[in-house]
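Single-structure report; data block below.
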Amino acid sequence: MEDTEDQEVLDNLEESELEDEYLEEEFEEEEFAEEAVLVEE
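In this text, residue positions in the sequence shown follow this note's numbering: the first is 26, and each later residue adds one.
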């Protein structure tokens, strides 16, 4: 029973890390877009 719980915690951790990476990428893209807008002005 313990093993399953540990695996669940690990899965959740991995999912969180993936979400963080995804959010970071999104943020970088938004920042880049803002810079592009500034350059155009």
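For glycine and all other residues, C-beta sits at the position ideal for the given N, C-alpha and C.
These numbers come from a predicted model, not from an experiment.
Distance, residue j Cα to residue i Cα
| i | j | result |
| --- | --- | --- |
| residue 54 | residue 64 | 15 Å |
| residue 59 | residue 36 | 35 Å |
| residue 27 | residue 48 | 32 Å |
| residue 46 | residue 56 | 15 Å |
| residue 33 | residue 41 | 12 Å |
| residue 52 | residue 43 | 14 Å |
Host alpha helix (DSSP H) of residue i (start-end)
| i | result |
| --- | --- |
| residue 33 | 27-65 |
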